[in-house]
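Below is one structure, written out as structure tokens, with a few remarks after it.
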Amino acid sequence: MVLKVNPNRMELMKLKKSLKLAQKGHKLLKDKQEQLIRNFFEIIKANKELRKTVEEKLIKAYKSFLVAKAVMGEEKIEEAVMMPTLTTDIKYGKQQIMNLKVPTFDVVTSGEILSFGLSGTSVELDNSVKIFSQVIRDLLILAEKEKAIIELANEIINTRRRVNALEYILVPNLKETIKYIGNKLNEMERSNISRLMKIKNMVQEVQ
Amino acid sequence: MDILVVGQRDSILGFKTIGIKTLFWEEKTVSLKALKQNIDEGSKIIFVTENLFLDIKELMSFYFGKLYPVFIPIPDITGSQGLGYENIRQLVIRALGTDIFGENEGGRDR
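Chains as they are written, first to last, in this note's numbering: chain A, 19 to 225; chain B, 1004 to 1113.
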């Protein structure tokens, strides 16, 4: 599609400049897209392994808790977990992947791990608590990775849209317009020459 | 408390022992409301058991594109159904336009 511009030299120069810029931008964005995809692959691969191990650990933790519940009975366990003194919180950080700032999570635990008395609770529960406090660390790493994947995926989609817009719309439009203006200017030049020739003839005839 | 674990009581009671906020899933509309309230109160990282993941899909799409909250599927006590994996796979398909997890790893490039 030819852009709506006045066909003159000034516009031509302007358009040529912006074409150059668009092509440069396109190349840069294309490079960025490639690098993003490369990073994306790396993270996905790591995440695949991580998820598998974390899920296994988590199921182990569930099982240990189930055993504790079986040993102690529903009510006792309810009582034991009612008021945990251990608090688990997150420390946020930032990690940079290309131009993206991805949050990182770190576990901060405070308080006594075993918040319940020694009597009345079983060894299994103690074990379970320990396993859970390890698992939460892994779970947060998993969350961090998956968040990074989501952000990266969005960025890739955006970048691709931009690359495509430049490649298939802006650059062809600019090229076509430049060609159109060139043609128009040439045409004007030609018509000017022929007019001059005609006038010259007329003047000569009069003399 | 920024971490929240959502799931059936039997599955996630253990998280309570280490002082993590838990939301026991009971009835869909009630629990969804509670979950939303928790998010409004500042829960940022939300682990959801896989069997509930479909139920909260609508809520998740509401927060799509925002930095927080992050929803992460975790297996419940009956084991993993591979939903977390599937979730990532969908994302990959959307981002790259191709299913690299398909049969062979690495697949063909876009």
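From the three backbone atoms N, C-alpha and C, an ideal C-beta is built for every residue, glycine too. If you're wondering where the values come from, they're calculated on a predicted model, not measured in any experiment.
Report the partner residues of B:Pro1076 according to the DSSP bridge assignment. The residue labelled residue 1076 of chain B in the question sits at position 73 within the second sequence. Answer is B:Val1051, bridged to B:Pro1076.
Inter-residue CB distance, A:Ser140 and A:Val89 (contact presumed, cutoff 8 Å): Stepping through the first sequence from its first residue, residue 140 of chain A is reached at position 122. Stepping through the first sequence from its first residue, residue 89 of chain A is reached at position 71. That belief holds up - the Cβ atoms of A:Ser140 and A:Val89 are roughly 5 Å apart, short of 8 Å.
In the structure shown, what three-state DSSP assignment does A:Lys112 receive? Numbered from 1 along the first sequence, position 94 holds the residue referred to as residue 112 of chain A. Strand at A:Lys112.
Decide if B:Leu1094 is buried, meaning its Cβ has at least 16 other Cβ atoms within 10 Å, or exposed. In the second sequence, counting from the first residue as 1, residue 1094 of chain B sits at position 91. The residue in question, B:Leu1094, is buried, as its Cβ has 16 or more Cβ neighbours within 10 Å.
So that I know if they touch, is there some Cβ in chain A lying closer than 9 Å to that of B:Tyr1066? Sequence index remark: in the second sequence, residue 1066 of chain B carries index 63 (1-based). Judged by the 9 Å Cβ criterion, B:Tyr1066 is not in contact with chain A.
So, is A:Lys163 buried or exposed, given that buried needs 16 or more other C-beta atoms within 10 angstroms? Working through the first sequence from its first residue, we reach residue 163 of chain A at position 145. The residue is buried, with at least 16 neighbouring Cβ atoms inside 10 Å.
Keeping to the same chain, check which residues put their C-beta closer than 7 Å to that of A:Glu185; ignore five residues upstream and five downstream. Locating residue 185 of chain A in the first sequence gives position 167, where the first residue counts as 1. So the qualifying residues of the chain are His44.
If we call anything under 9 Å between Cβ atoms a contact, is B:Leu1016 one with A:Ile95? Start at 1 with the first residue of the second sequence, and residue 1016 of chain B comes out as number 13. Start at 1 with the first residue of the first sequence, and residue 95 of chain A comes out as number 77. Contact: yes.
Go through its chain and collect everything with a Cβ distance to B:Lys1024's Cβ below 8 Å, but skip five positions before and after it. Within the second sequence, residue 1024 of chain B is the residue found at index 21, counting from 1. Here the set comprises Met1004, Ile1006, Leu1007, Val1008, Asn1041, Ser1046.
Between which two residues does the beta strand (DSSP E) containing B:Gly1010 stretch? Counted from its first residue, the second sequence places residue 1010 of chain B at position 7. 1006-1010 is the extent of the beta strand (DSSP E) around B:Gly1010.
Tell me whether A:Val125 sits in a helix, a strand or coil according to DSSP, three-state version. As a first step, residue 125 of chain A is located in the first sequence; it is residue number 107 there, counting from the start. Of the three classes helix, strand and coil, the one that applies to A:Val125 here is strand, per DSSP.
Shorter than 9 Å from the beta carbon of B:Ile1021 to some beta carbon of chain A? For the purposes of this step, residue 1021 of chain B is taken as residue 18 along the second sequence, with counting starting at 1. So yes, B:Ile1021 belongs to the interface.
Let's test the definition: count the other Cβ atoms within 10 Å of the Cβ of A:Glu173 and tell me whether it reaches 16, buried, or not, exposed. Residue mapping note: residue 173 of chain A aligns to position 155 of the first sequence, counting from 1. So A:Glu173 counts as buried.
Alpha carbon to alpha carbon, what distance is there between A:Ile211 and B:Arg1111? On the second sequence, position 108 is the one that residue 1111 of chain B refers to. On the first sequence, position 193 is the one that residue 211 of chain A refers to. Because the pLDDT at B:Arg1111 is just 49, under 50, the model does not fix this residue reliably, and the point stays unresolved.
Could you give the first and the last residue of the continuous alpha helix (DSSP H) run that contains B:Lys1060? Your numbering for residue 1060 of chain B matches position 57 in the second sequence. That run of the alpha helix (DSSP H) goes 1060-1065.
Check whether chain B comes within 9 Å of A:Asp49, counting only Cβ atoms and requiring the distance to be less than that. The count along the first sequence starts at 1 and reaches residue 49 of chain A at position 31. With 9 Å as the cut-off, A:Asp49 does not count as an interface residue toward chain B.
Using Cβ-Cβ distances below 9 Å, what residues of the region 82-110 of chain A are close to chain B? Ser82, Phe83, Leu84, Ala86, Lys87, Ile95, Glu96, Ala98, Val99, Met100, Pro102, Thr103, Leu104, Thr105, Thr106, Asp107, Ile108, Tyr110
Evaluate contact between the region 1084-1098 of chain B and the region 56-74 of chain A, counting only Cβ atoms and requiring at least three cross-stretch pairs below 8 Å. yes
Residue-level contact to chain A via CB, B:Lys1047, 9 Å cutoff: The residue given as residue 1047 of chain B occupies position 44 in the second sequence. Yes, B:Lys1047 counts as interfacial toward chain A.
B:Lys1024 lies in the beta strand (DSSP E); which residues open and close that run? The count along the second sequence starts at 1 and reaches residue 1024 of chain B at position 21. Start and end: 1024-1027.
A:Lys70 - DSSP class collapsed to helix/strand/coil: For this step, residue 70 of chain A is matched to residue 52 along the first sequence. Residue state, collapsed to three classes: helix.
Whole-angstrom distance between A:Arg56 and A:Asn182, CA atom to CA atom: Position 164 of the first sequence, counting from 1, holds the residue named residue 182 of chain A. Position 38 of the first sequence, counting from 1, holds the residue named residue 56 of chain A. Cα to Cα, the separation comes out at about 19 Å.
Establish whether the CB of B:Arg1113 and some CB of chain A are separated by less than 9 Å. Sequence index remark: in the second sequence, residue 1113 of chain B carries index 110 (1-based). Bear in mind that a pLDDT of 43 at B:Arg1113, under 50, signals an unreliable position, so the number given afterwards is only what the model happens to contain. Yes, contact with chain A.
What do you reckon, are the CB atoms on A:Ala166 and A:Ile61 nearer than 9 Å? Here residue 166 of chain A corresponds to residue number 148 of the first sequence, with the count starting at 1. Here residue 61 of chain A corresponds to residue number 43 of the first sequence, with the count starting at 1. Yes, the Cβ-Cβ distance between A:Ala166 and A:Ile61 is below 9 Å.
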